[in-house]
Amino acid sequence: MAELRRRFSTFVSVFIIFFFFFFVFFSAIVLPTLASVGDLVELEEEFTEELLLKPLPDRKVLAHFHFEILAPPSPVNGRHHHLFPKAIAQLVHKFQIRELELSFTQGRWNYERWGGSDPLSMANAKPPGVELWATFHRPESEIDHTWKNLTHALSGLFCSSINFLESSTAFSAPHWGFQPNSSVLRYGALPREAVCTENLTPWLKLLPCRDRAGVALLLNRPSIYRGHYHSQKLRLISSKLTGVKLEQTLTIVLHPSVERYGLDSFSDGSTQPSWSLNSLFKQQLMGKCALAKDSRVLFELEHDLASQIDETESDYTWRNAAFELSTMPDRVARVMKSLPNQDSSVLYGFEVSKSSDSMPMDVGIKWKLPLIWSSSHAPVYASRFLMGSGNERGSIAITFQSSHLDEWLSTGSDGCAVHAVVFQVVPWYVKVYYHTLNIFMDGKRQTISDVVKRMKISPSEDKLSPGTMELMLEFPCDMQSATLTLDFDKGFLHVDEYPPDANQGFDIPSALITYPDCYSSRSYQTVDTSHFKSSLLPKFKEGNLVQSYTEVLLVPLTTPDFSMPYNVITFTCTILALYFGSMLNVLRRRVGEEERLSKSKASERRGLIPLLLLKLSSKLRGKRPETMQHSSPLPSSSSFFGPKLFIKVVLVAVLAIFWNYYLKDS
Amino acid sequence: MAEISKSDPLNPNPNPPEIASSVRRTTEPGRKRLFVTLSVFFSFLVGLPFLLKSTEIYRSPLPFSSIESLSLRLRSEPPAPPCRLQAVFLRPGGGGGTADQLARLISDEVDKSIGSIPSRGSCGRNYALSVTVDSGNGACERSGDGESGPCYWPCGGIDVLELSNEDGIVDELLDSALGRRGQCLGTGGKIYTVVVAGVEGEEGLRTVLGKHRHAWLVGKVGESDAVLLITKIFVNFFLNGGREEDMAPGKGEFVPVGLDGSVVLSFSLLNANPNDWVYDWDFQMIDDVLLAPVVEALAPIANITTESQVLYHTPKSSISFWDGNLGGNIFSIKDLPFFVNANEWHLDTSIAAAGRSKILHFVVYIPSRNECPLLLQLPNGHISKTNGFISPMWGGVIVWNPHSCFADSQGKHFVRRPIALEDLQKIFQILVGQLRLLFGFKSSYISDDNVDMIQFLTSEKGFTEWELDALYRYHACYNLASCATTLESLSKLVQSLPRMIVMDEIGKQVKYSLEAAGLAQNNTHLGIYNASAAASLQARSLAEDAFFHPSIMSVSYSSLEHYFSIYMPFFAPVSLHLILALVKELARYRRERAKYSSFVAEHAKAS
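In order, the protein sequence lines correspond to chains D and Y.
The numbers in this note's numbering rise by one with no breaks, and the one at position 359 of the first sequence is 359.
The numbers in this note's numbering rise by one with no breaks, and the one at position 419 of the second sequence is 419.
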């Protein structure tokens, strides 16, 4: 930026040109045509912003920012925009994107504590690192090429290494494992990508108010990056009928700081910390973004918590026996209850437009009763780990722990079964042997055909494509735990293919487990009959499939000594050269002559030193042993110890002294 | 020494002790070992080309000589497109000098003026001048060989009195009389006409420069004055397009066209503080009505696209202060370098920003309430009429103040206010003026002291035809020069790195670029300005494509050092062995043969 400014300033200082009396050019020519066009066309680009807050059972707080921009279908999409970010519109236009989701995540979502089945966690729990998937309005043959260009464009837009997904070894084309019926979908993940402000800033730039106004004002970088989980997501849906919809969400799990509201927060023995927006983000919420159609803060109480409060027989006003909200909510809504033990979360809505610079909004909660609750359960918890040791082979295991299957399946009879779809992409250098698939259920080994109902496997090709596994499993409802194992060999990479820090190991992206029988949806209804218009809540209403991402695996591979190629070259070449040289010498050897030489040598008697000197000199001068042999040792030795040698020795000594005294000191 | 003479008394050459000291040789020395050594040596020599061939790097042959000749040609004789000038004297009464005399006078004057302005893209001395004296009633006198093609002045086509009409009407009248659109596509360049109508009795002189390729002088004017005026119009406007200082080669090389031959005009409406007010525009309408003619006119020099966006929360980064006398917040020229707030103005949101195309930013800044109205103060203390400035190669900024700076805030209800049509029209007048400046023209000729005598007609395209001609010529020459430089650098680079991979695609691009450059040169010589501009643009962008081909950027080509370091560990020790063996064997063989030959000689003597 400094650069731009410098350039700009130099240019400006050189060429500032002002305009006087401009109105000769263009005079009167265009006015009539302009007038005929008439007034501005009605603008329909819409922007809404929402923030959902939810206390979590483990004393943490979930904050979910939701921004939505809608561009109606228009021939000028991608060229002229009022609210919609031009960069995104151009991407959609250029690559003919039908749907796209890009998420940057730091930390791992805790499915057991933070929610394993509620619509909010299902849509926003993402695997660590970068995950990107997209579908296109393009023929099948062009999709790979489009995907490659798209990764580069996104990489530039979000300052990250998404372009590593360009290589065909990095992305895959799942058929039904990731989304049902998705033949034109491409999926790629970069588990090691670090996510930080450099990714958040370009993401914020897409918002009309950026972080200058509205709920995005709360995004104080030190506060949000101190959190336990941080996932920023961008989702695009484009069609000819509805135009382009851009959803940007940011999900953070924060730990409220220790300072409490009043002194009594400890004394009343509440187990939960009391908090407010200000204490969470260290930032005030001062008014809405002027361009937003809706700006709202929502406060949600979990089903389990809400039913506990029900038991205390307090009503859902903002001050009751269990807790006290710091601001009076504008609306209260509750999940429509059809069955007695069904979800019954409570939602409080606050309009941000009521706040201003002078009167910031500080939504918060103060607990009055010690309450312990649990968040929504997943039907089955899945986790994945590595087995085996050494650098040669190992195995991947995925375990399923049934937790609350009965909640999900009403038919608790014998024939009841739960389905799980496993989608896993494995890089090519982890060579999975899919025939070694073993399934154990409650410790007993099962025949694969009994459990696997559907299977699609595309094995990896070396340096060409990753291995993709899509499995549909069927577990009986009374299953307690199941394990799935797969053996693999570790491959060897070419020396160029190792990443900079190869000794750290290689990451296998998270596997995705989907439960196609289990949908999570919530539809809220206001307690009074007023209308609750929100862009976030309809998303909860749509049936979201229950799913979970497993851990990322770290596979250590044998890393070579990277100077090895040169060492190998020099070693082999030296050995070859030695071999060649000795062969050549053997070929040239004259055995008879050498024998004659040694005989005549033995016949002559010499002192030891002259003999050695002779040998040395013969070596130095090349092989002329027969000539030396016939010359008398005396003259040669005399020539060695003659004045010439003396002069040489003296010369060397003088040089040494000169070196030692004059050159070294300087 | 005694022993030497004793052992070999018959040696004719006692000096080399080796020969002298050896025993006598009675048999011919064997050649077996020598043969083995030699065969190994020669097999190495034979194998060497195969090794070199197998480790060769693929290099597509580039036409180095054509590149060199192109750049030499462009340097030695810069392309000067031809122009044709025509002066028409309407003298209903006759009298005055003959056409030939006038032609001589004018061409002397033009030569004198041109000598002082050698510039790129002007026709230079490559012009043809013809003078027609139309004495009415179809009686015409033409200078020189009396060329009277369909493009030249039709005798008696226009009555003198018709020139006293309103300027716009006269302009169209002359255009229809002279241009006969479509018929003058012949070679030799465009014809520029100045019509001098000596109307008696009319006071003063009226000089008008039309928006097509002609000008007219109406009124009482002496012959010498007319000649001077005609020369001025020819040289300053028709030949140079009204540009001044920046036409000299080496200076003013700012051509705001991207390396791939495209320009993105990115228009941004910045609402400094949307909490005060939010203005919006219907850019599609502006694009269709106001910008489309400009884009169309500039099509031969660049592939132009327009984009727009509205940005919010974009305060300027310089400080302004309130001046009660001027009734506004003032920012001065000193603040201009800091006006553009690179932190908050996210202008580079176009996909094109990543490529090699050029983006020209045009920013309409709407100040917030507390800095409204925001006025630009000139160094002389006046307020700028346009309230805007440009930054060459970057774009332009104008500040537009809402009419009701002090009206109530929009309050709770967010209202998107459209900018009124009149305001939009004014804003885009200024923006097109800024575009003209960015392309090297004057924003307008009104304030120019040199041309205060001349009136100018304007075109809805933003550029008049004669200006566009000059622009095409300039761009054709500039693009050719730039293409030649790029190709030259490419060939230098390729020649300096003998182990660089040169892909076939690069070779193809270079070839096509040279072809396009040839076509552009050809068109330039023929005087087809727009075609030469388009061809030269293509040549330039192909040359740039070749130079910036991704394979050239890669560093993975193996350098010579790399090559040596791989083969040295083998070849250095092996060749040492081989050469030593060869030398020794040869030396031994020669020695032994000498011994043998001495023996043979001795034997022959003895026998």
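Using N, Cα and C, we set each Cβ at its ideal position, and we do this for glycine too.
Quantities reported herein were computed from a predicted structural model and do not represent experimental measurements.
Checklist entry - Under 8 Å between the Cβ atoms of W133 (chain D) and R192 (chain D)? => result Cβ atoms of W133 (chain D) and R192 (chain D): not closer than 8 Å.
Item to check | Listed by chain order, chain Y residues near P329 (chain D) by CB distance under 7 Å | outcome: Ordered by position in chain Y, no residue passes the 7 Å Cβ test against P329 (chain D), which lies about 19 Å from the chain.
Checklist entry - So is G581 (chain D) in contact with chain Y if we call contact Cβ pairs under 8 Å? => result For G581 (chain D), the closest Cβ of chain Y is nearer than 8 Å.
Item to check | Cβ-based neighbour list, Y589 (chain Y), same chain, cut-off 8 Å, excluding 5 preceding and 5 following | outcome: The beta carbon of Y589 (chain Y) sits closer than 8 Å to the beta carbons of P29, R31, L34 from its chain, once the five residues preceding and following it are set aside; these are given in chain order.
Next on the checklist: Looking at chain D, is there any beta carbon in it that lies within less than 8 Å of the beta carbon of S39 (chain Y)?
Outcome noted: Interface with chain D (8 Å Cβ-Cβ cutoff): S39 (chain Y) is excluded.
Item to check | Of the residues Y:A516, Y:T524, Y:S559, Y:N530, the one placed nearest Q538 (chain Y), counting alpha carbons only | outcome: Considering only Y:A516, Y:T524, Y:S559, Y:N530, the residue with the shortest C-alpha distance to Q538 (chain Y) is Y:A516.
Checklist entry - At least one CB of chain Y closer than 8 Å to the CB of H404 (chain D): is that the case? => result Interface residue (Cβ-Cβ distance to chain Y less than 8 Å): H404 (chain D) is not classified as such.
Item to check | Residues near H255 (chain D) in its chain [Cβ-Cβ closer than 6 Å; skip 5 each side] | outcome: So the list reads K60, once near-sequence residues are dropped.
Next on the checklist: For the structure I just gave you, are there three or more beta carbon pairs, one from the stretch 95 to 112 of chain D and one from the stretch 231 to 248 of chain D, closer than 8 Å?
Outcome noted: Touching, yes, given that three or more Cβ pairs across the two stretches are closer than 8 Å.
Item to check | Close Cβ partners of F400 (chain D) (< 6 Å) along its chain, the five nearest in sequence each way excluded | outcome: Here F400 (chain D) has V380, A382, A482 as same chain residues with Cβ atoms under 6 Å from its own Cβ, once five neighbours each way along the sequence are excluded.
Checklist entry - Leaving out five residues before and five after L90 (chain Y) in sequence, what residues of the same chain have Cβ atoms less than 6 Å from its Cβ? => result Excluding positions up to five away in sequence, the list reads D134, V160, A197.
Item to check | Exposure label - N544 (chain D); buried when at least 16 CB within 10 Å | outcome: Its Cβ being crowded by 16 or more others within 10 Å, N544 (chain D) is buried.
Checklist entry - Is P392 (chain Y) buried or exposed, if buried means 16 or more other CB atoms sit within 10 Å of its CB? => result Counting every other CB atom within 10 Å of its CB across the protein chains shown gives P392 (chain Y) a total of 16 or more, marking it as buried.
Item to check | DSSP three-state assignment for P55 (chain D), whether helix, strand or coil | outcome: The answer is strand: DSSP assigns P55 (chain D) an E or B state.
Item to check | R647 (chain D) - containing alpha helix (DSSP H), residue span | outcome: Residue 647 (chain D) is actually Ile in this sequence, not Arg. First-last of the alpha helix (DSSP H) with I647 (chain D): 643 to 658.
Checklist entry - Going by the CB atoms, is the gap between V415 (chain Y) and G462 (chain Y) shorter than 8 Å? => result No, Cβ-Cβ distance for G462 (chain Y) and V415 (chain Y) is not below 8 Å.
Next on the checklist: Taking only three categories from DSSP, how would you classify D507 (chain D)?
Outcome noted: It is a strand residue.
Next on the checklist: I believe I286 (chain Y) touches F428 (chain Y) by the beta-carbon criterion, under 8 Å. Please report the beta-carbon distance rounded to the nearest angstrom.
Outcome noted: Going by Cβ atoms, the distance from I286 (chain Y) to F428 (chain Y) rounds to 6 Å, so yes, they are a contact pair.
Next on the checklist: Rounded to whole angstroms, what is the Cα-Cα separation between F564 (chain Y) and V76 (chain D)?
Outcome noted: Looking at the two C-alpha atoms, the distance is approximately 58 Å.
Item to check | Status (buried if at least 16 other CB within 10 Å, exposed otherwise) for W216 (chain Y) | outcome: Around the beta carbon of W216 (chain Y), 16 or more other beta carbons sit within 10 angstroms, so the residue counts as buried.
Item to check | Interface residues of chain D facing T349 (chain Y) [CB-CB closer than 7 Å] | outcome: Chain-order list of chain D residues neighbouring T349 (chain Y): P85, K86, A87, by C-beta distance under 7 Å.
Next on the checklist: Would you say R212 (chain D) lies against chain Y (beta-carbon separation less than 8 Å)?
Outcome noted: Cβ-Cβ to chain Y under 8 Å: yes for R212 (chain D).
Item to check | Beta-carbon spacing of P466 (chain D), S172 (chain D) below 8 Å | outcome: Yes, these two residues count as a Cβ contact at 8 Å.
Checklist entry - How long is the line joining the alpha carbons of P208 (chain D) and L83 (chain D), rounded to whole angstroms? => result Computed Cα separation, rounded: 6 Å.
Checklist entry - Does the distance from the C-beta atom of P402 (chain Y) to that of Y312 (chain Y) stay below 8 Å? => result At a Cβ-Cβ threshold of 8 Å, P402 (chain Y) and Y312 (chain Y) do not count as neighbours.
Next on the checklist: Just to confirm my understanding: we take F22 (chain D), look at its own chain, exclude 5 residues before and 5 after, and list those with CB closer than 7 Å. What are they?
Outcome noted: With a pLDDT of 37 at F22 (chain D), under the threshold of 50, the modelled position of this residue cannot be trusted; read the value that follows with caution. Contacts found: none.
Item to check | Under 8 Å between C-beta atoms of A153 (chain D) and L218 (chain D) | outcome: Contact: no.
Item to check | Range covered by the alpha helix (DSSP H) that runs through K94 (chain D) | outcome: Unbroken alpha helix (DSSP H) run through K94 (chain D): 86 to 95.
Item to check | Backbone CA spacing between A342 (chain Y) and K316 (chain Y) [nearest angstrom] | outcome: Looking at the two C-alpha atoms, the distance is approximately 9 Å.
Checklist entry - Around the Cβ of S39 (chain Y), are there at least 16 other Cβ atoms within 10 angstroms (buried) or fewer (exposed)? => result Exposure of S39 (chain Y) is indicated by the presence of fewer than 16 other C-beta atoms within 10 angstroms of its C-beta.
Next on the checklist: Nearest by alpha-carbon distance to C668 (chain D): which of D:P180, D:E68, D:L651 is it?
Outcome noted: Given a span of 1 to 666 for chain D in the structure shown, any question on residue 668 (chain D) remains unanswerable.
Item to check | Range of the contiguous alpha helix (DSSP H) that encloses R436 (chain Y) | outcome: R436 (chain Y) -> alpha helix (DSSP H) spans 421 to 438.
Item to check | Where the alpha helix (DSSP H) containing N329 (chain Y) begins and where it ends | outcome: Careful: N329 (chain Y) lies outside any alpha helix (DSSP H), inside the beta strand (DSSP E) at 328 to 332.
Checklist entry - Given 8 Å as the limit, is there contact between the stretch 259 to 272 of chain Y and the stretch 300 to 308 of chain Y, that is, 3 or more CB pairs closer than that? => result Under the Cβ criterion (8 Å, minimum of three pairs), the stretch 259 to 272 of chain Y counts as touching the stretch 300 to 308 of chain Y.
Item to check | Backbone CA spacing between Y316 (chain D) and F299 (chain D) [nearest angstrom] | outcome: Answer to the nearest angstrom: the Cα atoms are 12 Å apart.
Checklist entry - Q90 (chain D) CB to nearest chain C CB: under 8 Å? => result In the structure shown, chain C does not exist; the protein chains are D and Y.
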